[in-house]
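Here's the structure, in structure tokens; my notes come after.
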Amino acid sequence: MIDYKKLGLKVGIEIHQRLATKTKLFCNCQTEIKENERSVFEFKRKLRPTASEIGEVDKAAMQEFLRGKEFVYHFYENCCSVETDSQFPRELNKEGLIISLQLAKMLKMQIPDELQIMRKVVIDGSNTAGYQRTVLIAIGNENSYIETEFGKVHIKELELEEESATKIREEGSKIHYRLDRLGIPLIELSCEPEIWHPEQAKEYASKIGLILRSLKVQRGIGTIRQDVNISIKEGARIEIKGFQDLRNLNKLVENEVKRQLDLISIKNLLKNKKINFEQREVTDLFKKSNSRILKELSKTKIICLKIKEFSGLFKKKCGNLTLGKEISNYAKFFGIKGIIHSDEDLKKYGLSQEEIKNLKKELSIGNRDLFLLIGGKNCDRSLELIKKRILFLKKGVPEETRFAEGVNTRYGRELPGAARMYPETDLPKIEIEDYLRKIEIPETLEEKAQKFQNLGLNKELAEQIVMSKDLKLFEEFLKYKVEPKIIANLILNTKKYLERSGKKINKKDLEFVLELLEKKKITKKAILDVLVNKSIRGFERISGKELIKIVEEYKRKYKEKAISEIMKKYGKRVDSEEVLKLLR
Numbered sequence: 002m003i004d005y006k007k008l009g010l011k012v013g014i015e016i017h018q019r020l021a022t023k024t025k026l027f028c029n030c031q032t033e034i035k036e037n038e039r040s041v042f043e044f045k046r047k048l049r050p051t052a053s054e055i056g057e058v059d060k061a062a063m064q065e066f067l068r069g070k071e072f073v074y075h076f077y078e079n080c081c082s083v084e085t086d087s088q089f090p091r092e093l094n095k096e097g098l099i100i101s102l103q104l105a106k107m108l109k110m111q112i113p114d115e116l117q118i119m120r121k122v123v124i125d126g127s128n129t130a131g132y133q134r135t136v137l138i139a140i141g142n143e144n145s146y147i148e149t150e151f152g153k154v155h156i157k158e159l160e161l162e163e164e165s166a167t168k169i170r171e172e173g174s175k176i177h178y179r180l181d182r183l184g185i186p187l188i189e190l191s192c193e194p195e196i197w198h199p200e201q202a203k204e205y206a207s208k209i210g211l212i213l214r215s216l217k218v219q220r221g222i223g224t225i226r227q228d229v230n231i232s233i234k235e236g237a238r239i240e241i242k243g244f245q246d247l248r249n250l251n252k253l254v255e256n257e258v259k260r261q262l263d264l265i266s267i268k269n270l271l272k273n274k275k276i277n278f279e280q281r282e283v284t285d286l287f288k289k290s291n292s293r294i295l296k297e298l299s300k301t302k303i304i305c306l307k308i309k310e311f312s313g314l315f316k317k318k319c320g321n322l323t324l325g326k327e328i329s330n331y332a333k334f335f336g337i338k339g340i341i342h343s344d345e346d347l348k349k350y351g352l353s354q355e356e357i358k359n360l361k362k363e364l365s366i367g368n369r370d371l372f373l374l375i376g377g378k379n380c381d382r383s384l385e386l387i388k389k390r391i392l393f394l395k396k397g398v399p400e401e402t403r404f405a406e407g408v409n410t411r412y413g414r415e416l417p418g419a420a421r422m423y424p425e426t427d428l429p430k431i432e433i434e435d436y437l438r439k440i441e442i443p444e445t446l447e448e449k450a451q452k453f454q455n456l457g458l459n460k461e462l463a464e465q466i467v468m469s470k471d472l473k474l475f476e477e478f479l480k481y482k483v484e485p486k487i488i489a490n491l492i493l494n495t496k497k498y499l500e501r502s503g504k505k506i507n508k509k510d511l512e513f514v515l516e517l518l519e520k521k522k523i524t525k526k527a528i529l530d531v532l533v534n535k536s537i538r539g540f541e542r543i544s545g546k547e548l549i550k551i552v553e554e555y556k557r558k559y560k561e562k563a564i565s566e567i568m569k570k571y572g573k574r575v576d577s578e579e580v581l582k583l584l585r
């Protein structure tokens, strides 16, 4: 059992949520994304880092630039010249600003008198301009917090910014992006690094998610994601980008803690060890190799790196991976698919015993030494990054940005610094006094759930309905004089069941059933059949004098079995409670 308090675990979360505005943040293009739509045209671009106002170049931006990537942008019908960065941005989207201010008020944050639009340097290709426009909406204070079972988590900042372009694919030195997502309004909400337990991280993110759903936000896969900052006492701050699976956020934190603990163990193991490298190009050794991988790599260049007295180290655990796999991920930064090393089964790569023998002879590799092979167009750059990373094993955990892969992570790039932000020069500051006067704070989903419980829904049903995409439909249907519990079941269970069976159920079908229930023309047992048949025929409710007559007749004929016989014949057309009442 890990004692997270003792480890000094600190977690900070940045939640990114796309807003459901009609148009984008700095232009009038529609925000709807049509996944199967074909692009109108494509264009290419290379991005370079620029110095900030204080003359510094962000190290993460410079590292991205050194990858030498070319970006191919796919332009769609709902795009314009603002997305291509060939025209000035329009005025900030007012709808997006109002939603952001609503959230700031709900969280009791401090809102400045005027807002300054900033540029955040981003040269991974996800923005055609090489920067992302962002606005600081509000700052947290002592009253801005989320209460969890593990203690308070204070809100740090709220920003309104542009969504990035969607990465389609990577082909060698080219990365393809689609521009229809670029510029959709997105809010970024960050908290102080006060989270000290994996379960607390999950609880905090879940509660923020509920608050966000009270606002006009987009729903569905990819519309909300978390960047998670994690550190422990003897470790380092790691930023994990793009995690989307809220249900497993606790596992992501647990796995990163294990990874850092394993790296600390490796550091202690290497404390008195000197790391010596020797490398040599060995392309000619594999020109006639039977290994498909090495034969292909020999068309460019293959380098062998020998690390003296390092054998067995790459087998060590590094979280859910081996250290070898962890190091291999660094090679991928420059487009190399991976490495081959002597701490793994070399037979799976097709290396013959003769080739291994020749390789060991070439570099005088002993049994206690480790060697790795790396090949490809950018293998020199990748190898330098790998060597740098291996040397850092003696120091422990490096600060870096990592990308989420399920509940595990891989190396992404260096951590960005403060030099990546500078003021937007094409747009003025925004006075917000008039906006603040008009802001209405919406009812939270927590408040709605409580209200629905007061209407007769149990806790589970109330929570299900507030999390449902049909919440607004449920609220609209409350106008019918029908038990709210029946309406909730109709939407959450009956409708869903029929849709899974291939039946199309629209709003009019549901209204038809609710009108019949309100007028007491059908019983709740007949709901499913009426929806399927889209007709009341054969399911008309029997009540009043007609029901009294049936009850009296069956009472005489069947005595104590009357109820079962009535239900057997008229089941869905009569209300069992009404029948029981008459039988008494």
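Numbered by the numbering used here, the letters in the sequence shown go through residues 2 to 585 in order. The C-beta atom is built at its ideal place from N, Cα and C for all residues, glycine as well. Nothing here was measured: the structure is a model prediction, and the numbers come from that model.
Leaving aside the five residues that flank Glu-15 on each side, the residues in its chain whose CB is nearer than 6 Å to its CB run, in chain order, Glu-189, Ser-191, Asp-228. Taking the Cα of Leu-364 as reference, the smallest distance to any Cα among Glu-282, Lys-521, Val-12 is reached at Glu-282. Rounded to the nearest angstrom, the Cβ distance from Ile-147 to Tyr-205 is 5 Å, consistent with a contact under 8 Å. For Gly-413, the three-state secondary structure derived from DSSP is strand. Residues of the same chain with a CB within less than 6 Å of the CB of Lys-307, apart from the 5 flanking positions on each side, are Glu-279, Leu-364, Ile-366, Asp-370, Phe-372 in chain order.
Rounded to the nearest whole angstrom, the CA to CA distance from Leu-183 to Leu-211 is 25 Å. DSSP, read as helix, strand or coil, puts Tyr-423 in strand.
Listed as beta-bridge partners of Gln-111 by DSSP are Ile-140. With 16 or more neighbouring CB atoms inside 10 Å of its own CB, Gly-131 falls in the buried class.
Ranked by how close their Cα comes to the Cα of Tyr-350, the residues Leu-374, Asn-330, Thr-22 have Leu-374 in first place. DSSP lists Thr-135, Pro-424 as the bridge partner or partners of Met-119. Around the beta carbon of Phe-42, a 10 Å sphere encloses fewer than 16 other beta carbons of the protein chains shown; the residue is thus reported as exposed. Its chain contains Ser-329, Ala-332, Leu-373, Ile-375 as the residues whose beta carbon lies nearer than 6 Å to that of Ile-340, once the 5 sequence neighbours on both sides are disregarded; these appear in chain order. For Val-575, same chain residues with a beta-carbon under 6 Å away, outside a window of 5 residues either side, are Ile-543 in chain order. Taking C-beta atoms as the reference points, Ala-463 and Phe-475 fail to come closer than 8 Å. When Lys-11, Leu-360, Thr-167, Met-422 are compared, the shortest CA-CA separation from Tyr-77 is found for Thr-167. According to the DSSP secondary-structure assignment, Gln-31 is paired through a beta bridge with Thr-24. For Pro-485, the enclosing alpha helix (DSSP H) starts and ends at 485-490. Note that the C-beta distance between Pro-186 and Leu-26 is below 8 Å.
When DSSP reads this structure, Pro-443 sits in no beta bridge, so it has no partner.
Bridge partners of Leu-187 according to DSSP: Arg-19, Glu-162.
In this structure, Leu-270 is the residue among Gln-451, Leu-270, Lys-289 with its C-alpha nearest to the C-alpha of Gly-313. For Gly-367, there is no enclosing beta strand (DSSP E), as DSSP marks it with neither H nor E. For the segment 260-294, not one full-length alpha helix (DSSP H) segment reaches 4 residues or more. Secondary structure remark: continuous alpha helix (DSSP H) runs of at least 4 residues inside the segment 451-508, in chain order: 460-468, 472-478, 485-490, 496-501.
By the criterion of a C-beta distance shorter than 7 Å, Lys-504 is surrounded in its chain by Val-533, once the five residues flanking it on both sides are discounted. Here Lys-217 carries a coil assignment [DSSP, helix/strand/coil]. Of all alpha-carbon atoms in Leu-352, Pro-429, Asp-530, Ile-169, the one lying nearest the alpha-carbon of Leu-93 is that of Pro-429.
When DSSP states are grouped into helix, strand and coil, Leu-394 belongs to the coil group. Our two residues, Cys-80 and Cys-30, have alpha carbons roughly 6 Å apart in a direct line. Its chain contains no residue whose beta carbon lies nearer than 6 Å to that of Glu-484 once the 5 sequence neighbours on both sides are disregarded.
The continuous beta strand (DSSP E) containing Ile-304 extends over residues 303-308. If you check the CB distance, Ile-225 and Val-254 do not come in under 8 Å. Phe-404 is bridged by DSSP to Lys-242, Arg-411. Excluding five sequence positions before and after Ile-241, the CB atoms of its chain that fall closer than 6 Å to its own CB belong to Val-229, Arg-403, Ala-405, Thr-410, given in chain order. The bridge partners DSSP lists for Ile-564 come to none.
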